[in-house]
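Listed in order, the protein sequences are those of chains A and B. Sequential numbering of the first sequence, starting at 1, is according to my numbering. Sequential numbering of the second sequence, starting at 1, is according to my numbering.
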Amino acid sequence: MRTLFRLIVKNYFVLLFLLLEGISLALVFQYNPFHKSFFLTFSRNMTNGMNTRISTIRDYFFLQEENERLNNENVYLRNKLSDSTSIVYLSYPNYEDTIGFSNNNRFSFKPGEIVKNSISRQYNYITIKIGEADSIAANMAVISSEGIVGMVMETSKNFSTVQPLINRNSKVGAKIRGNDYFGILFWDGRNPEIVQLSEIPVHVEIQVGDTIVTSGYSSIYPKDLPIGVIKEFQKGQGNFYTIDVRLFVNFRTINHVMVINNFLQKEQKELEREISYD
Amino acid sequence: MIRIYLRNIIRFFILIFVQIIIFDNIQLGGNISPYIYVLFIILMPFEIQGWGLLLSAFFLGLGIDILLLSPGFHTAATVLMAFLRPFVLQSFAPRDGYDLGSFPRVYYYGLGWFAKYSIILIFFHHLFLFSLEIFRFSDIFLILWKTVLNTLISGLLIILSQYFVFKK
């Protein structure tokens, strides 16, 4: 017994190391939604005031680009106005229609500003300055004027945490515009400009430059939001392509986003849950 | 003695703060983001006990993990780095050991010694961090590339800190 005790005291450095390393690795591999939301809430409370101040400084560096983007969007919207015969597939109402929402009008858009962003990690997150006070809730889609950004994970009163497309946990239903074959969009963690589209069968004819849009089958993203274009593709395992998609959204310089509220999300989810229980 | 403890505790919080507020906003090319908070482990006194070293490394990593929303990557890497520190110090020790009252800094042991000592520790920290984060054998070259790139940047910043912040 005494020998054992002496052994432990003598080697306590190694043993303590193994214990602490074990705890941290358990953290890594037991990472479940509960811990995630604990982390998210705690972290947000600690840093958000500061991040807001930093982002006001950061904004200055991208003013030029941001102006150009807004200008382009203005031109695009103006064109839509004059051209009354065109089909408006994406509308930007600045009011909330709370009474009669037809199918075209089931989404409302709210502007948000990014206060913290990361691109160099595998599990990137974005913090935006809009939260429960503006009726933002988890599972809402976040887009920019160029394309989709991600979805809301967690909210507090004035802030929300967004899981962008460039997070290894991200999965988005996407399809190829034109032939409507749909697959799943994910990120392999290599390049923050390129994401991957899977489950497109090899008999489908695709070309470099084809546009990828959201499929609209989930209750989160509206249909036909632009995501990116095909950069390259090859035949992968089985009878499916592996497709690299170049994103429209530039996560390095993104500053302003819009959060989409789907009024019918709850209804759709409930219906889908009922079916899956049967 | 108490002054040394106090200084290290203050340094602990300042480094976490600086890492989150300044260096976390430096993200170049999708692959570079310097992690300078490990400077805390590098600068700890020679006389620190093993348990103090490991436990402070654990809480340093945990603090960074919580603020960066990553589940344990930094904790694991920082604890490993603290574990390796005594061995690295031992292998680079001068012939008659480290002087009493001196600290592991450029001021006391010169640039060559400090660069070797810090770069090796940072390298292992980054290698373990990126391996855990990416965690795919097929991406071994991405892991190595990120490790080398970020070790150089973090190492450079940490060595520069010896000339601008921790002059003495």
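Yeah, the Cβ is synthetic: ideal placement off N, Cα and C, and Gly gets one too.
Beta-carbon neighbours of residue i, restricted to chain B and to distances below 9 Å
| i | result |
| --- | --- |
| A:M50 | F17, I20 and I21 |
| A:R58 | N25 |
| A:F42 | I66 and L67 |
| A:F17 | G50, L54, V79, L80, A82 and F83 |
Given residue i as reference, the closest of the options once Cα atoms are compared
| i | options | result |
| --- | --- | --- |
| A:M151 | A:N262, A:N11 and A:L20 | A:N262 |
| A:F13 | B:F40, B:L60 and B:L84 | B:L84 |
| B:I41 | B:Y108, B:D99, B:I122 and B:P71 | B:I122 |
| A:S160 | A:F42, A:R6 and A:K10 | A:F42 |
| A:P201 | A:P192, A:S218 and A:F182 | A:F182 |
| A:Q283 | A:S198, A:D180, A:S24 and A:K157 | Residue 283 of chain A lies beyond the residue range present for chain A, which begins at 1 and ends at 278; the question has no answer from this structure. |
| A:H203 | A:T56, A:S55, A:D134 and A:F240 | A:F240 |
| A:Y221 | A:I212, A:N139 and A:F186 | A:N139 |
| A:E146 | A:T253, A:N48, A:R6 and A:V162 | A:T253 |
| B:Q49 | A:P164, A:F17, A:I119 and A:T211 | A:F17 |
| B:L89 | B:V79, B:P104, B:T78 and B:L54 | B:P104 |
| B:W51 | A:L19, A:V245, A:Q237 and A:F61 | A:L19 |
| A:E193 | B:I22, B:G30, B:Y117 and B:I36 | B:G30 |
| B:F12 | B:L100, B:N25, B:W113 and B:L55 | B:L55 |
| A:I206 | A:D180, A:L185 and A:T214 | A:D180 |
| B:V106 | B:R95, B:L39 and B:S33 | B:L39 |
| A:Y60 | A:H256, A:L264, A:Q265 and A:R273 | A:H256 |
| B:H125 | B:Y108, B:L53, B:T78 and B:I16 | B:T78 |
| A:F244 | A:R121, A:D188 and A:E272 | Before going on, a small fix: residue 244 of chain A reads as Asp here, not Phe. The shortest Cα separation from A:D244 among A:R121, A:D188 and A:E272 belongs to A:D188. |
| A:Q268 | A:S135, A:G216 and A:E232 | A:G216 |
Helix, strand or coil at residue i according to DSSP, with G and I counted as helix
| i | result |
| --- | --- |
| A:I54 | helix |
| A:G183 | strand |
| A:P226 | strand |
| A:H203 | coil |
| A:N167 | strand |
| B:S138 | helix |
| B:G63 | helix |
| A:Y123 | strand |
| A:A141 | strand |
| A:T253 | coil |
| B:V38 | coil |
| A:L264 | coil |
| A:S84 | Unreliable placement is indicated for A:S84, whose pLDDT of 42 sits below 50; the coordinate value is still reported in the next sentence. Note: A:S84 maps to coil in three-state DSSP. |
| B:V79 | helix |
| A:G131 | coil |
| B:R3 | helix |
| B:L28 | strand |
| A:D210 | coil |
| A:Q196 | strand |
| B:P71 | coil |
| A:P111 | strand |
| A:R6 | helix |
| A:L247 | strand |
| B:F23 | helix |
Per-residue contacts from residue i into chain A (C-beta, under 7 Å)
| i | result |
| --- | --- |
| B:E133 | R121 and Q122 |
| B:A76 | E21, S24, L25 and V28 |
| B:L142 | R190 |
| B:I80 | Residue identity differs from the one stated: residue 80 of chain B is Leu in this sequence, not Ile. Those within 7 Å of B:L80 in chain A are E21. |
| B:F73 | V28 |
| B:S118 | Simply none; closest approach about 20 Å. |
Residue i classed as buried or exposed, judged by whether at least 16 other C-beta atoms fall within 10 angstroms
| i | result |
| --- | --- |
| B:G97 | exposed |
| A:V208 | exposed |
| B:V165 | exposed |
| A:S86 | The pLDDT assigned to A:S86 is 40, lower than 50, so where the model puts this residue is not dependable; a value taken from the coordinates is nonetheless given after this. So A:S86 counts as exposed. |
| A:M153 | buried |
| B:L144 | exposed |
| B:A93 | exposed |
| A:Y76 | exposed |
| B:A57 | buried |
| A:Q237 | exposed |
| A:S84 | Reliability fails at A:S84, whose pLDDT of 42 lies under 50, so the model's placement of it is uncertain and no value is given. |
| B:Y163 | exposed |
Neighbouring residues, chain B, relative to residue i (Cβ below 7 Å)
| i | result |
| --- | --- |
| A:N191 | G30 |
| A:M46 | L67 |
| A:Y76 | The contacting residues do not exist; A:Y76 stays about 28 Å from chain B at best. |
Amino acids of chain B, ordered along the chain, whose beta-carbon sits closer than 8 Å to that of residue i
| i | result |
| --- | --- |
| A:F13 | G50, W51, L54, F83 and P86 |
| A:I54 | I21 and N25 |
| A:F62 | The contacting residues do not exist; A:F62 stays about 13 Å from chain B at best. |
Assumed close pair residue i, residue j - CB separation to whole angstroms, cut-off 8 Å
| i | j | result |
| --- | --- | --- |
| B:F135 | B:T147 | The Cβ separation is near 14 Å, so there is no contact. |
| A:L247 | A:I227 | 7 Å |
| A:K110 | A:V259 | 5 Å |
| A:S218 | A:G173 | 5 Å |
| B:H74 | B:L80 | Not a contact, Cβ separation roughly 11 Å. |
Beta-carbon neighbours of residue i, restricted to chain A and to distances below 8 Å
| i | result |
| --- | --- |
| B:Y58 | The sequence shown places Phe at residue 58 of chain B, rather than the Tyr named in the question. Here the neighbours are L20, I23 and S24. |
| B:S91 | Correct list: empty, because the minimum Cβ distance to chain A is about 16 Å. |
| B:G155 | Near B:G155 there are no residues of chain A at all, since even the closest Cβ is about 17 Å away, more than 8 Å. |
| B:G61 | S24 |
| B:S33 | S118, S120 and R121 |
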